[in-house]
Amino acid sequence: MKRRGRRLWSAFVEACSTLKHSEPLPVGFCCHSCRLEGSMRTLVGLLTSNRALLQLEAARCLHELSHSEQSAVAEACLPATSYLLTYLSGHSSEFIELCLYTLGNLIVESEAVRKQLLPQGIVPALAACIQSPHVAVLEALGYALSQLLQAKEAPEKIIPSLLDSSLLQHMLLLMQPGPKLNLGVAVEFAWCLHYIICSQVNNAMLLSHGALPTLAMMLLELAGAVQRMDDVGLELLACPVVRCLSNLLTEVPVEAMGEQVELRDERVVAAVFILLQFFLQKQPTLLPEGLWLLNNLTANSPTLCTSLLSLDLIEPLLQLLPLSSVISVLVLRVLCNIVEKGPAYCQRLWPGPLLSRLLNTLVLSDTEVVGQSLELLQLLFLYLPEAAQAFLQQSGLQALERHQDETQLRDRILALQQTAIHG
């Protein structure tokens with residue numbers, strides 16, 4: 000999505016040539032005619048003049064042009080992009096901010112613009128901007144960088160260069176919870192981090208630079224904001240942070256999970272549940288994101304599975320089952336993570352509402368939900384024979400019969416029947 004930055008401006012480019020160089024461009028004009036012969040040349044001339052007001056008005060006009068959805072307009076702006084890049088090292092924070100938003104809009108629209116800017120050093124130029132003391136510049140930088148990182152060539156041509164620069168370390172510093180944390184800046188850099196992680200170029204480097212503890216602390220900060228009722232705009236940051244943490248967890252070797260001190264803290268599990276309740280009330284579309292994070296946290300961590308049990312969070316988890324098929328599958332996966340840890344974990348689930356809730360899922364027609372329920376029941380019966388007996392007493396076999404003609408489920412149903420009857 001393109002950003003308009005902090006101001007909305009427009010100007011007739013064809014009118015530029017009639018202006019005296021001592022006059023600023025009149026605000027309120029429309030620059031839709033950039034393709035008129037000589038108009039872009041005139042605009043670039045104004046952008047490169049030695050008059051600060053003319054430069055600023057020309058940059059505003061380019062910014063308006065950059066919002067066009069037509070790639071032809073972005074490419075018409077190509078002659079100006081090198082100058083915009085150069086001006087990132089200037090002294091006016093307002094001008095730098097405008098250049099960053101304009102570059103971000105042009106980068107996402109045009110491969111030709113990216114091809115020109117990459118060899119000219121856009122990554123080092125952005126790395127220099129991250130030293131700025133101005134919050135508005137940092138937010139604009141995050142936007143431009145996030146646009147650049149979404150390019151199809153990013154994994155091969157952009158992200159390696161970024162990881163070789165100082166950008167990553169500074170991004171993580173700007174995402175550290177504390178009084179200096181700015182929501183807008185954190186949101187932009189969290190999305191940048193998300194695109195880097197998804198590229199899988201070198202996630203080991205992210206881990207070595209402390210991305211995991213930074214994200215875990217950010218998760219705790221988000222949960223704290225919810226509890227303080229200071230949650231305005233929180234979902235904008237929660238979404239990329241939760242995605243980053245979920246995806247980065249898959250990069251941690253199983254044998255190293257126990258070494259991640261920040262992931263042994265039961266506050267992490269509590270924070271996830273606080274956010275799940277927040278999502279349920281304010282942003283239901285983010286519920287699957289939170290549950291996927293919980294799945295990745297518990298998949299290889301007996302400690303966090305224990306936290307779920309000791310904090311009495313099974314019942315709140317089960318209450319999410321009826322919401323949708325997607326959510327049901329994710330809830331069942333988290334429960335599988337707990338049950339597969341062995342008999343001691345199963346004993347702590349029993350007796351309780353788990354079996355009755357699973358019997359309810361077996362009446363559903365969604366094959367994936369039923370299949371995940373069968374997997375959970377199989378594990379439960381394996382470690383807890385009394386659960387199998389209760390299943391038989393509560394007409395579990397009859398519930399299975401309605402799915403026995405479904406090809407995808409037939410083998411698992413047969414296996415579960417055998418386990419329930421014969422142990």
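Heads up: the sequence shown at position 148 corresponds to 147 in numbering that gives the first Met the number 0, and the numbers run straight through without jumps. Every residue gets a Cβ at the ideal spot worked out from N, C-alpha and C, and that includes glycine.
C-alpha distance - residue i paired with residue j, whole-angstrom precision
{"i": "ARG409", "j": "GLN416", "result": "11 Å"}
{"i": "LEU303", "j": "GLY370", "result": "25 Å"}
{"i": "GLU93", "j": "VAL136", "result": "8 Å"}
{"i": "GLU314", "j": "ILE326", "result": "15 Å"}
{"i": "GLN119", "j": "LEU308", "result": "55 Å"}
{"i": "MET154", "j": "ALA414", "result": "Going by the sequence as given, residue 154 is Pro instead of Met. Computed Cα separation, rounded: 44 Å."}
{"i": "GLN175", "j": "PRO283", "result": "27 Å"}
{"i": "GLN146", "j": "GLU110", "result": "12 Å"}
{"i": "ILE195", "j": "LEU148", "result": "7 Å"}
{"i": "ILE420", "j": "LEU396", "result": "9 Å"}
{"i": "LEU116", "j": "THR80", "result": "8 Å"}
{"i": "PHE277", "j": "ALA215", "result": "18 Å"}
{"i": "GLU68", "j": "GLU108", "result": "7 Å"}
{"i": "PRO301", "j": "LEU391", "result": "30 Å"}
{"i": "SER355", "j": "CYS128", "result": "58 Å"}
{"i": "CYS335", "j": "ASN359", "result": "17 Å"}
{"i": "GLY289", "j": "VAL241", "result": "7 Å"}
{"i": "GLU436", "j": "LEU206", "result": "No answer is possible for residue 436: it lies beyond the span of the chain, which begins at 0 and ends at 422."}
{"i": "THR17", "j": "LEU42", "result": "At THR17 the pLDDT is 37, less than 50, meaning the model places this residue with poor confidence; the figure from the coordinates comes in the next sentence. Approximately 12 Å between the Cα atoms of the pair."}
{"i": "LEU53", "j": "HIS169", "result": "33 Å"}
{"i": "LEU173", "j": "PRO384", "result": "52 Å"}
{"i": "PRO287", "j": "PHE272", "result": "12 Å"}
{"i": "THR418", "j": "ASP311", "result": "29 Å"}
{"i": "ASP230", "j": "GLN280", "result": "12 Å"}
{"i": "ALA150", "j": "GLY103", "result": "11 Å"}
{"i": "LEU99", "j": "LEU45", "result": "18 Å"}
Cβ neighbour criterion (16 or more within 10 Å) applied to residue i
{"i": "ARG59", "result": "buried"}
{"i": "ALA343", "result": "exposed"}
{"i": "VAL368", "result": "buried"}
{"i": "HIS62", "result": "buried"}
{"i": "ALA270", "result": "buried"}
{"i": "VAL186", "result": "buried"}
{"i": "HIS193", "result": "buried"}
{"i": "GLU498", "result": "Because the chain is modelled from 0 through 422, residue 498 falls outside the range shown and cannot be assessed."}
{"i": "ASN49", "result": "exposed"}
{"i": "GLY141", "result": "buried"}
{"i": "THR213", "result": "buried"}
{"i": "SER165", "result": "exposed"}
{"i": "HIS90", "result": "exposed"}
Worksheet entry | At least three beta-carbon pairs within less than 8 Å, the region 201 to 210 to the region 223 to 237 | no
Worksheet item: Taking the runs of the alpha helix (DSSP H) that are 4 residues or longer, which of them lie wholly in the region 93 to 179?
Response: 110 to 116, 121 to 128, 134 to 148, 158 to 163 and 166 to 173
Worksheet item: For the region 267 to 349, which segments carrying the alpha helix (DSSP H) assignment without a break, of at least 4 residues, lie completely within its bounds, in sequence order?
Response: 286 to 297, 301 to 309, 313 to 317, 324 to 338 and 342 to 347
Worksheet item: Which runs of the beta strand (DSSP E), 3 residues or longer, sit entirely within the region 178 to 240?
Response: none
Worksheet entry | Inside the region 42 to 77 only - alpha helix (DSSP H) runs reaching at least 4 residues | 51 to 64 and 70 to 75
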